[in-house]
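Chains A and B supply the protein sequences, listed in that same order.
Residues 2 to 418 (the working numbering) make up the first sequence, in order.
Residues 26 to 250 (the working numbering) make up the second sequence, in order.
See structure below.
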Amino acid sequence: MKLLAATNRYYLLLAGLLFTIGSVLLYVGVLWALREEVEERLFQQREYLTRAVQRTGKLPNTPFEGRTSLSATPQPVGLRDVLLLEPLENELEPYRQLTFVLPLEGRPQWVSLSKSLLETKDVRRLILQLLLGVLGSLLGGMVVLNRWLARRLWAPFERTLHQLQGYDVRHHQVLHLPDTRIEEFTQLNRALTSMSQRVANDYTMLKEFTENAAHETRTPLAIMQAKLEQLLQLPDLPPAAAPLISDLYTATQRLTRLHQSLTLLSKIENRQFIAAEPIRLEEVLREKLHQLEDFIQAKRLRLEVSLTPVPALPLHPALVDSLVSNLLHNAIRHNHEGGLLRVLLTATELEITNTGPALPAKEQPAQFFERFRKHNMASDSPGLGLSIVQRIGELYGFDIHYAYAPEQALHTLRVVF
Amino acid sequence: MKILIVEDEPTLRTSLADYLRQDGYVIELAANYAQAHEKIKLYQYDCVLLDLTLPDGNGLNLLRTLKADSSPAGVLVVSARDALDDKVLGLELGADDYLAKPFHLSELSARLRAIIRRRNFQGNRHILFQELTVFPDQGQVLVKGEPVALTRKEYDLLLYLLAHPGRVLTKESIAEHVWGDAADAADSFDFIYTHLKNLRKKLQEKGAGDYIRTIYGMGYKLSVE
């Protein structure tokens, strides 16, 4: 619900309640005042008649507005509401009647003075109409005024919101939000502007840091690798040195790979991969599988491939490459001789299944996505492959599931687009 | 063959120079942007090995200078940055190849060779080794004048070995050269052996000598002895 609608609702509720109470009170009050007035007039008439009768001994002829009737039979004395027939319109109408006793010609006579309440009915209607009219126009006016105010006063807020929606730290932009007439919005805009400046600075620094760190570690690695290679070329290298150098060389290779994976992870987390282009997944998979042919054959894996053409997805080519590579490498590396590798691509998901080492029952699937967790402790891989897969999945909103079927020790990783 | 190495890290610079000198190149060194700029303005090189991150400037500007002077030198960019954008930018500016740090020296020299071959001989150059003749741009291998049918991988392997006669090539560098990133899917490099075995067999069937030696624990070497 919009803020305006919400406040309006409360305003209208309160106004409606107050108006109802006010109207009822006013209605009852006016009604009571009118009756009082009618009764007072009846009492005045009684007073007049009584005095006249005392003075002259008979009823004066003065016609009163309203009706007067005489009765020799006893009538209940006092005020009451009656309905009398209006001869002209031939219908019953409400009257207020005052009955009292007057001694006329030696005998008590019951005099009833009646005064029409029709006027009060009219007044009542008028009041109701007025009240409803005023209430309606007031409430309506409030809504219209609020609308108009909202458009005028909230316009800077809407502008701020619009800018925020388009804000993307990767574009290194700083928000430029102007000051407004409304102090709160000005404060909000200033806070947001300075925040976006801080964020942009932090982002740039972080990015620079990653780049510098990458640069600073790459160069020593390159030196180590180059020196080791030179060492290997020495003509009179003692035979005992060869395996030592070879191990060192392998270690630098592992370090290099670890470094590449970590850099990639931090880049994904910094969202440094913006550019996207339409990628056809089945082509990427086909190409990768072709590249990996030797490795699949070396382990004599049974390859089952089913690739349904999928509409091109807007992705970053390097990330797709990394995603597919990691999944396939994972499935090959952790497979056993003569095992199964099944690659299934449908319109909604990519499923890669491989046979592999049996899992201890207590292992949780979620743990596989943790950094540096390995399926197989003896393996050379740093265990970052699935973390990378997961980060890429998060970036593109893909769901990644891991399933394990204990009977055949089948590991399945599913990427749901 | 004259090569200019632009690299600010002294130890890496000397390693590169030593390795390439052994390959028979004439090497000149530049430790920073200013030196490199002076040298490329004064002299002609067959190839420039260019590090992008220099203490006093961006290597990409040197590349721009070379292109602006329409220098015939090939350019192999060596950078610690491996972002795709950097690669694309480097290649768009006219670099011949791009290698991210860290790299194998043998890989670097193989790529250097390929660049020089492409630049200087318009592809009409062949590689000779004993009874072997290879025409890299036709992808043709001859043993004593007889063509040998090799698979793509076998051919790549042979070319890599031919680029480094007498050098020990590690299995890691061979795997990365021939299989690229896919190499890290393997937990052993035994598959290289399979391909080498096939390659040896095919060459020997045509009457070539067995020049591929296994260096225990390290890798392979192409050698006449």
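We put the beta carbon where it would ideally sit given N, CA and C, even for glycine.
- Its Cα nearest to that of K66 (chain B), the residue B:A98 stands out among B:V102, B:D48, B:A105 and B:A98.
- Across the structure, L150 (chain A) and S138 (chain A) are spaced so that their CA atoms are roughly 18 Å apart.
- V113 (chain B) counts as exposed, since fewer than 16 other beta carbons sit within 10 angstroms of its beta carbon.
- Per DSSP, reduced to three states, the secondary structure at A406 (chain A) is strand.
- Here L87 (chain B) is not near L101 (chain B), since their CB atoms are 8 Å or more apart.
- Within chain A, no residue has its beta carbon less than 8 Å from that of T158 (chain B); the closest one is some 26 Å off.
- Flagged as an interface residue toward chain B: A227 (chain A), by a C-beta distance shorter than 8 Å.
- Going by DSSP, K226 (chain B) is part of the alpha helix (DSSP H) stretching over D215 to E230.
- Taking the Cα of V31 (chain B) as reference, the smallest distance to any Cα among B:D81, B:G49, B:D48 and B:Q47 is reached at B:D81.
- Under the three-state reduction of DSSP output, E92 (chain A) falls in the strand class.
- With 16 or more other Cβ atoms inside 10 Å of its own Cβ, H335 (chain A) counts as buried.
- Contact residues of the stretch 28-51 of chain B toward chain A are E34, T36, L37, S40, L41, D43, Y44 and Q47 (C-beta to C-beta distance below 8 Å).
- Look at the stretch 268-286 of chain A: it has no residue with a C-beta under 7 Å from a C-beta of chain B.
- In this structure, L85 (chain B) keeps its C-beta atom at 8 Å or more from the C-beta atom of L116 (chain B).
- Linking E294 (chain A) to Q47 (chain B) through their CA atoms gives a straight-line distance of about 36 Å.
- Against chain B, a Cβ distance below 9 Å from S195 (chain A) picks out nothing, because the smallest value is about 30 Å.
- When 7 Å is used as the limit between beta carbons, R334 (chain A) is near these residues of chain B: A210 and D212, in chain order.
- For L360 (chain A), the closest C-alpha among the options A:S388, A:A410 and A:E92 is that of A:A410.
- DSSP places T354 (chain A) within a strand segment (E or B) once states are collapsed to three.
- Distances from the alpha-carbon of F128 (chain B) to those of B:V166, B:S104, B:V159 and B:A211 put B:S104 closest.
- Segment contact: the stretch 276-284 of chain A against the stretch 304-315 of chain A, three or more CB-CB distances shorter than 8 Å; contact assigned.
- The C-beta of Q391 (chain A) comes no closer than 8 Å to any C-beta of chain B.
- Secondary structure remark: continuous alpha helix (DSSP H) runs of at least 4 residues inside the stretch 92-158 of chain B, in chain order: 109-117 and 130-146.
- Residue contact with chain A for G242 (chain B): present (Cβ-Cβ distance below 8 Å to some residue of chain A).
- At least 8 Å separates the beta-carbon of V135 (chain A) from that of L35 (chain A).
- Non-local C-beta neighbours of L54 (chain B) in its own chain, meaning closer than 7 Å and more than five positions away in sequence, comprise I30, R38 and A42, ordered along the chain.
- In terms of Cα proximity to D209 (chain B), the closest of A:D237, A:T251 and A:L238 is A:T251.
- Looking from the CA of T181 (chain A), the closest CA among A:F158, A:L146, A:E217 and A:R272 belongs to A:F158.
- The way I'd put it, the stretch 281-290 of chain A doesn't touch the stretch 239-254 of chain A; fewer than three beta-carbon pairs between them come closer than 8 Å.
- Residue pairing by DSSP places E305 (chain A) opposite A:R343 in a beta bridge.
- Taking the CA atoms as reference points, L93 (chain A) sits about 17 Å from S70 (chain A).
- Rounded to whole angstroms, the Cβ separation of L175 (chain B) and L247 (chain B) is 15 Å, and the two are not in contact under 8 Å.
- In this structure, the beta-carbon distance from L341 (chain A) to R301 (chain A) does not fall below 8 Å.
- In the DSSP assignment, Y58 (chain B) falls within the unbroken alpha helix (DSSP H) covering Y58 to L67.
- Here D203 (chain A) is exposed: its Cβ has fewer than 16 other Cβ atoms, across all protein chains shown, within 10 Å.
- With 16 or more other Cβ atoms from the protein chains shown falling within 10 Å of its own Cβ, H317 (chain A) counts as buried.
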